[in-house]
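*Asks:* Following our numbering, the numbering of the sequence shown begins with 1 at its first residue and continues without gaps. Beta carbons: idealized from backbone N, C-alpha and C, even for Gly. Every value quoted in this text rests on a predicted model; they were computed, and no experiment measured them. Here it is, the structure, as structure tokens.
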Amino acid sequence: MDRDVFISYSHRSDVELAAALEEGLRGVGRTAWGFRPGARVFRDTTSLAASSDLGGAIKDALAGSRYFIYLASPAAAESRWVREEIRYWREHHSMDTFLIALSDGRIEWDAAREDFDWQRTTAFPSELSGAFPEEPLWVDLRENRQASAYSMAPGSTFRDRVVTLAAPLHDMSKDELDSRDLQLQRRAARIRRALVTGLCVFLVAAIVAGLIAWQQANEAIRQRNLAQERATIATARLLAATAVKDSPDDAARAQLLASEAYRLRREPQTVAALFQTVNDNPDLVRQHTLAAPVSSLAASAGGITLVGTADGRLIRWDPATDSSTTARLGDLPVTKVAISDNGAVSAATDGRHAVIWHPGTAPIPLQDEQPGRLAVSPKGTTVAVLTVPTPGVQAGLSTFDASTGTRRRSTGLSDQYWDGVGIPDEQTVAVTSGSGRWQRLRTADLTVTVRQEEPMAPPSRGISATSDDGSFTGFLAGWAMVFDTARDRKDPNGYSAVDSSYTPDVLAIRRDGKRIASGGGGQLWVSDVSKGSNDNRSETELLGAGGAEHVAFIGSSDRLVTAKGSTLSLWNPTQRPRLRLNADGLKVPDTPASSNPTQMAVSPDGRRVLLVGGFGDVVLYDLHGRPSAGRAISSPEKDVFPAWLPDGTPALIGKVGCGLYAVRGTGTQSLLKGQGVANVAARLTPDGRDLICVSEYGGMTVRRVNDAMYVYDAPGLDKPLTESPAPVGLAAISEDGRYAAWIAGQDHGGGQLTVADSKERRTMTVPGVSTTVDFAGDRMLVSHPDSSLDVREPSGTLIRTIRIGFAMARPSSWIPGTPFIGQIRDDGTVVVIDIDSGTILGTLQLPGHAGTWATAPWEATAIAGAGSTGELLTATPAGSVVRWAATERSWLDIACRFAGRDLQPEEWREVTGFNPPGNLSCHR
């Protein structure tokens, strides 16, 4: 037999009791650690695997058991499976091996009938009728149905019942089994005590060894984490350094590398790299990477770009939406493409075949042998094809109907070196030669209307080019000459100097002849064309693409498209800087040189700004509204400070007496009458309860707005702090209104800085010579004559000194919620500094102005941070209010938008030498 006993019970009512009974039967008579096992028990919830033939599995278990224990109860008596198990046992086993344990209900024996009293017995099924010749023995477990009654401790009722059932399983009497089981338990207890003693000794030793191992493991983990941290830092710095290095050559990749470096580890170097790469290359609008190298390029007047690739495809790219459509010309590199002004009609050739392509339809082949150059008329009605001369084949010009591809006219050309063609208007075709000849022909009959046959190319020849419409042709050899093909005159239409540090190999001429672009040697320059050879105008290097292999101007605008390798770049030298968030339109009042500098206060929500000009003009702007949304305010006094009430109402503070006025419409309402002398700084506390002022003699006053009572008054000097009529950075008040600081003796290259604490009601002096002071949250910023900037606690304790290395035009301004400040230099730039680390991130170029200043008015330019929007604001007299993106999150967003793609795994591996993280999504 495989098992000693089979337990049959109701799964509905006796699962816990059956499990406890099974555990008890297994434990009785078992030696410690199972050297002599207890009873082998089958209970279907523990011994029966899931089977589609459950009845067969139960029968196998019944057949392999020596004894049967029926856990009797009314629920068991009603169970189909229990009844089948009892029926099977009666048929195949002796009922002498049938044991009974009553868990619920009643068992009543009828001695007269020698059977159970089936009227009163509730715990037996009818299958047991007549099964016993005399009343069987059974144990009563009805008091042991709760888990608390399952104890197998010596003397317990449950143990006594279990031993009664277990005795026949072991072929022993109950007393014999009970005695042996107790003896085994005592022996096991002695062994356990001995083992516990030994284990305690071992445990102490193990704990000591474990502590040593734990310390060693912790040290190993610390060293591993330190190594990982160092590796992460090194990788982030490598990505950041590579981004900065690559920025002039591949702006999109550089910004993606900088973004990944920042995400991997935020530290000064990665923050600086992110700022620098986003701020670099201000002329570059966007880049677009293709699947194959570019072999030819053209641009419509509206900016639609047509690209021919080295694998024979035509791609029409719309930079405005960064969308493209594709067609195939063949398998050879596309050598020349052209496009109409509206971008609807394109033409292309690979030197063997030429086609006309209307996007959305299949290209139309043109019947022309050896097509070399081609052009599309501005309105897209005509395509001109210039045939390349070959032995026995003369150079020729053909025109085709752009809608059908039907040939209209053809003519031969005398000069075999014609290599340029364009269509200035619907009536004219122009052809040009690298030797400096050109002709204009009527589109209708291809008769010549303008002819210039004397070679005009310089002796060194250099490189030549023709504008996309054929209006101008020219040469570049150290300097450039541009000729108007509408004339047959020999004198150039203009000249242009080109940087002599590189040798260009590509040239483009704008269709108005006033600007050229040249590329080569990893460089790209645009230059103005002037009338005289000695009147050379400006030239600008365009950085961010590593030069250009193909260049095309967009109509007569300053915009152009270039290609290098498989990357297209769109340029606009007149666009606003990438970090600048708004265009011109929010006009700043003018300020005379001898007057107060422009003052600016930002609303609590960061969406409005109140400006005060040097002439006393007050203007309120909605930063996110229309440029015309400004409102002129009638000031109650000539000289005022701009401010904001806590509820978002603009306010003015009089410089003389520090009176407070709320702006109502275009006028004001007095809230607090002014008292005392002129002041050099004033501020409301964030809750609007107190007005803090610093007088022209120094000192700090704190006055309650609701009752005009003075809460604190720190005395100043007996003479004014400065003799200047327009002091800059002379005094400052902390944002919470607790501290005020002022500098005495600023007129002599710097002076003594004093700080007043209205909470502690004391003043203190800061050592050294100070030139300007400002507050940045819970820090104070102090500049010195040696161009250094101290970051201090408001109490004066030095945190760090930052070596700026340049003259500062006025005090800095903090962007709330960031560690960054903006510092205006006297060269018209704003330096962005991380005051947490002392890192100079880079500079922002302030826009021009139209003011009355004899020199640039940077000392009068206002600067302020808008914490709610994460922006830095600048306001130049007679210029514009400019919003600058000033948070790391905004820089990441700008980088991702500019790149228009994600960093590729191979780009990561190329820089780092190992596999990238799983997610390189830029917008994650």
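With LEU789 and ILE799 assumed to form a contact (beta carbons below 8 angstroms), what rounded beta-carbon distance in angstroms separates them?
*Replies:* Between ILE799 and LEU789 the Cβ distance is about 11 angstroms, and since that is not below 8 angstroms, they are no contact.
*Asks:* Within 10 Å of its beta-carbon, does GLN823 have 16 or more other beta-carbons around it, so buried, or fewer, so exposed?
*Replies:* buried
*Asks:* With H, G and I counted as helix, E and B as strand and the rest as coil, what does DSSP make of MET152?
*Replies:* coil
*Asks:* Flag this pair as touching only if the segment 693 to 710 and the segment 650 to 664 have three or more C-beta atom pairs under 8 angstroms; answer yes or no.
*Replies:* yes
*Asks:* Leaving out five residues before and five after GLY396 in sequence, what residues of the same chain have Cβ atoms less than 7 angstroms from its Cβ?
*Replies:* THR387, SER410, THR411, GLY412 and LEU413, listed in sequence order.
*Asks:* Could you tell me whether any non-hydrogen atom of the ligand HEM is closer than 7 angstroms to the CB of LEU691?
*Replies:* As presented, the structure is devoid of all ligands, the ligand HEM included, so that no description of it is given.
*Asks:* Just reading off the beta strand (DSSP E) that LEU524 is part of, what are its end residues?
*Replies:* Residues 523 to 528.
*Asks:* Relative to the C-alpha of MET953, which candidate in GLY521, GLY360 and ALA875 has its C-alpha closest?
*Replies:* It is not possible to answer for residue 953, since the shown part of the chain is limited to 1 through 924.
*Asks:* Mind checking ASN225: buried by the 16 CB within 10 Å criterion, or exposed?
*Replies:* exposed
*Asks:* Please report the Cβ distance between PRO363 and VAL355, rounded to the nearest whole angstrom; I am assuming they are in contact, meaning their Cβ atoms lie under 8 angstroms.
*Replies:* 4 angstroms
*Asks:* Could I get the ranges of all uninterrupted alpha helix (DSSP H) runs contained in the segment 66 to 113, with 4 residues as the minimum, in chain order?
*Replies:* 74 to 78 and 80 to 92
*Asks:* Hey, which unbroken runs of the alpha helix (DSSP H) at 4 residues or more fall wholly within the segment 852 to 905?
*Replies:* Counting only runs of 4 or more residues that sit fully inside the segment 852 to 905, the alpha helix (DSSP H) segments are 888 to 899, in chain order.
*Asks:* If we ignore side chains and look at the alpha-carbon of each, how far apart do GLN255 and PRO785 end up?
*Replies:* 36 angstroms
*Asks:* Suppose you measure from the CA of SER566 to the CA of GLY613; what does that come to, to the nearest Å?
*Replies:* Cα to Cα, SER566 sits roughly 51 angstroms from GLY613.
*Asks:* Cutting at 6 angstroms between CB atoms, please list the residues of its own chain near ARG607, excluding the five before and the five after it.
*Replies:* LEU623 and HIS624
*Asks:* For LEU48, which residues from the same chain have a beta carbon less than 6 angstroms from its beta carbon, with the 5 sequence-adjacent residues on both sides left out?
*Replies:* Note that LEU48 has pLDDT 47, beneath the 50 cutoff, so the model's placement of it is unreliable and no number is given.
*Asks:* Quick one: grab the DSSP three-state call for LEU54.
*Replies:* At LEU54 the pLDDT is 48, less than 50, meaning the model places this residue with poor confidence; the figure from the coordinates comes in the next sentence. Helix, per DSSP.
*Asks:* Residues in the same chain with beta-carbon distance under 6 angstroms from VAL618, minus the five sequence neighbours each way, listed in chain order, please.
*Replies:* VAL612, ILE633 and SER635
*Asks:* Helix, strand or coil for ASP4, going by three-state DSSP, please let me know.
*Replies:* ASP4: strand per DSSP, three-state reduction.
*Asks:* What residue range does the beta strand (DSSP E) around LEU560 cover?
*Replies:* 560 to 564
*Asks:* Express the C-alpha separation of ILE69 and ALA101 in angstroms, rounding to a whole number.
*Replies:* 7 angstroms
*Asks:* For ASN572 versus ASP584, is the C-beta distance shorter than 8 angstroms?
*Replies:* no
*Asks:* Identify, in the order they occur along the chain, each residue of the same chain with its Cβ nearer than 8 angstroms to the Cβ of THR270, setting aside the five sequence neighbours on each side.
*Replies:* ALA236, ARG237, LEU239, ALA240, ALA258, ALA261, TYR262 and LEU264
*Asks:* Could you check if GLN669 is buried or exposed, using at least 16 other CB atoms within 10 Å of its CB as the buried criterion?
*Replies:* exposed
*Asks:* On a Cα-Cα basis, can you pick out the residue from VAL294, GLU906, ASP311 and THR321 that is closest to GLY303?
*Replies:* THR321
*Asks:* Whose C-alpha, out of LEU570, GLY462, GLY494 and ARG489, is nearest the C-alpha of GLY520?
*Replies:* GLY462
*Asks:* Here's a check: name, in chain order, each residue in its chain whose Cβ is nearer than 6 angstroms to the Cβ of VAL766, leaving out the five neighbours to either side.
*Replies:* LEU753 and GLY796
*Asks:* Here's a check: name, in chain order, each residue in its chain whose Cβ is nearer than 6 angstroms to the Cβ of PRO378, leaving out the five neighbours to either side.
*Replies:* ASP341
*Asks:* Could you say which of THR685, PHE98 and MET700 lies nearest to VAL677 if we only look at CA atoms?
*Replies:* MET700
*Asks:* I need the boundaries of the alpha helix (DSSP H) containing ASN279, first residue and last residue.
*Replies:* 268 to 279
*Asks:* Look up GLU760 in the DSSP assignment and say whether it is helix, strand or coil.
*Replies:* Looking at GLU760 - three-state DSSP - the assignment turns out to be coil, as it is neither helix nor strand.
*Asks:* Out of THR666, ASN679, ALA651 and PRO686, which one is the CA nearest neighbour of LEU672?
*Replies:* ALA651
*Asks:* Please report how far the alpha carbon of VAL755 lies from the alpha carbon of PRO794, in whole angstroms.
*Replies:* 8 angstroms
*Asks:* Does the distance from the C-beta atom of GLY777 to that of GLU735 stay below 8 angstroms?
*Replies:* yes
*Asks:* Roughly how far, in whole angstroms, is the beta-carbon of ASP687 from the beta-carbon of PRO646, given that I think they are within contact range, below 8 angstroms?
*Replies:* 6 angstroms
*Asks:* What's the C-alpha gap between VAL711 and ARG703?
*Replies:* 6 angstroms
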